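Participant: In this note's numbering, the protein residues as written are 9 to 250. My questions all concern the structure below.
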Amino acid sequence: MMPGQDIEVWYNADGFAQFVDFCGEAMSIKVYMLPLGPLQTNCFVIGDMASSDAIIIDPSDQADQIMELVEREGLTVRYILATHAHFDHVMAAKAVREATGAPLWLHQDEIEQLRHMKSIAARFGLTAPAPAEHDDTLAEGDVIEVGAIRLETLYTPGHSPGHVSFALRSEQVVFSGDCLFLGSTGRTDLPGGDYDTLMRSIFDKLLPLGDDYTVCPGHGPTTTIGHERATNPVLLGWGGQL
9 MMPGQDIEVW
19 YNADGFAQFV
29 DFCGEAMSIK
39 VYMLPLGPLQ
49 TNCFVIGDMA
59 SSDAIIIDPS
69 DQADQIMELV
79 EREGLTVRYI
89 LATHAHFDHV
99 MAAKAVREAT
109 GAPLWLHQDE
119 IEQLRHMKSI
129 AARFGLTAPA
139 PAEHDDTLAE
149 GDVIEVGAIR
159 LETLYTPGHS
169 PGHVSFALRS
179 EQVVFSGDCL
189 FLGSTGRTDL
199 PGGDYDTLMR
209 SIFDKLLPLG
219 DDYTVCPGHG
229 PTTTIGHERA
239 TNPVLLGWGG
249 QL
């Protein structure tokens, strides 16, 4: 566990998926983290084990593995959400959307990237499937709720123009996409990226959540807001913070 973290990251017996397990008196929520695809992009499956409702964040790749987990846990996927539409975060979106019938939501400013993900992936020497159709858009403050799961949308641009994060406030968890990582932050050298915008997203939207929040990022292991506030060299080195 990271310093100050009061949850654990578990691995199931066969190593298929790791998951962060949150259990409270009034609810039982499990968050499964699956690093998938050539860039090992984290896909998160959030399940309310009482109602069997689920939300998928960033269906990155390998839809068969995502669906195997969903079916094995007896979950019904109600929503598919994308923090942003860089190809490595949405390559399984079409297949998962078709398999579950769940709608795909993302920010308005990510739609063009979604539509062109095949050509963008090709520039990196990778092959992407046809993009999914999106069903609705997300904006700051939008709440997605099923069963005991209540996700609040935080607009956190900088890595990409329409990047969003999702706060699961009941469990003090934030899904940060490619905004904030353990010991690092998202890159800003891709089209639509901006370093100062990214830093302000982190300082204005993520750090105020509080030091006890667990950060579930788009790549790499989980961390906490407190750990990143105290040790992240990118955050400590930024000269524009208020």
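Cβ atoms here follow ideal geometry from the backbone N, Cα and C, with glycine treated the same way. Here the structure is a predicted model, which means the values were calculated and not measured.
Give every residue of the same chain whose Cβ lies closer than 6 Å to the Cβ of TRP295, excluding the five residues on either side of it in the sequence, and list them in chain order.
Facilitator: The chain is shown only over 9 to 250; residue 295 falls outside these bounds and no answer can be derived.
Participant: Apart from the five residues just before and just after LEU244, which ones in its own chain have a Cβ nearer than 8 Å to its Cβ?
Facilitator: As a working note, residue 244 is residue 236 in the sequence shown. Cβ neighbours of LEU244 beyond the five flanking positions: none.
Participant: Considering only their Cβ atoms, is the gap separating ILE63 from TYR87 smaller than 8 Å?
Facilitator: Mapped onto the sequence shown, residue 87 falls at position 79. Mapped onto the sequence shown, residue 63 falls at position 55. For TYR87 and ILE63, yes; Cβs fall inside 8 Å.
Participant: Do the stretch 145-161 and the stretch 124-137 make contact, defined as three or more Cβ pairs closer than 8 Å?
Facilitator: With the cut-off at 8 Å, the stretch 145-161 and the stretch 124-137 do not touch.
Participant: Can at least three beta-carbon pairs, one atom from the stretch 152-160 and one from the stretch 194-205, be found at a separation below 8 Å?
Facilitator: Judged by Cβ distances under 8 Å, the stretch 152-160 makes no contact with the stretch 194-205, as fewer than three pairs qualify.
Participant: For PRO216, does the count of other Cβ atoms within 10 angstroms reach 16, so buried, or fall short, so exposed?
Facilitator: Working through the sequence shown from its first residue, we reach residue 216 at position 208. Classification for PRO216: exposed.
Participant: According to DSSP, is TYR203 part of a helix, a strand, or is it coil?
Facilitator: Working through the sequence shown from its first residue, we reach residue 203 at position 195. Of the three classes helix, strand and coil, the one that applies to TYR203 here is helix, per DSSP.
Participant: DSSP three-state label for GLU141, please.
Facilitator: The count along the sequence shown starts at 1 and reaches residue 141 at position 133. Here GLU141 sits in coil by DSSP.
Participant: Starting from the C-beta of ALA34, find all residues in its chain whose C-beta is less than 8 Å away, skip the five residues before and the five after it, and write them out in chain order.
Facilitator: Stepping through the sequence shown from its first residue, residue 34 is reached at position 26. Residue placement at ALA34 is poorly supported in this model, since its pLDDT is 44, which falls under 50; the coordinates are not used for a value here.
Participant: Less than 8 Å between the CB atoms is what I'm expecting for LEU122 and PRO139, so what's the real figure, rounded?
Facilitator: Against the sequence shown, residue 122 aligns to sequence position 114. Against the sequence shown, residue 139 aligns to sequence position 131. The pair is a contact, with the Cβ atoms about 5 Å apart (cut-off 8 Å).
Participant: Which word fits PRO241, buried or exposed, when buried means at least 16 other C-beta atoms lie within 10 angstroms of its C-beta?
Facilitator: The count along the sequence shown starts at 1 and reaches residue 241 at position 233. Per the 10 Å Cβ criterion, exposed.
Participant: Could you tell me the alpha carbon to alpha carbon distance between THR91 and LEU42, rounded to whole angstroms?
Facilitator: Walking along the sequence shown from the start, residue 91 turns up at place 83. Walking along the sequence shown from the start, residue 42 turns up at place 34. So the alpha carbons of these two residues sit roughly 15 Å apart.
Participant: Bridge partners of GLY55, per DSSP?
Facilitator: The residue labelled residue 55 in the question sits at position 47 within the sequence shown. LYS38, ALA62, per the DSSP bridge assignment.
Participant: Roughly how many angstroms separate the alpha carbons of PHE52 and ASP66, rounded to a whole number?
Facilitator: Within the sequence shown, residue 52 is the residue found at index 44, counting from 1. Within the sequence shown, residue 66 is the residue found at index 58, counting from 1. Whole-angstrom Cα-Cα distance: 7 Å.
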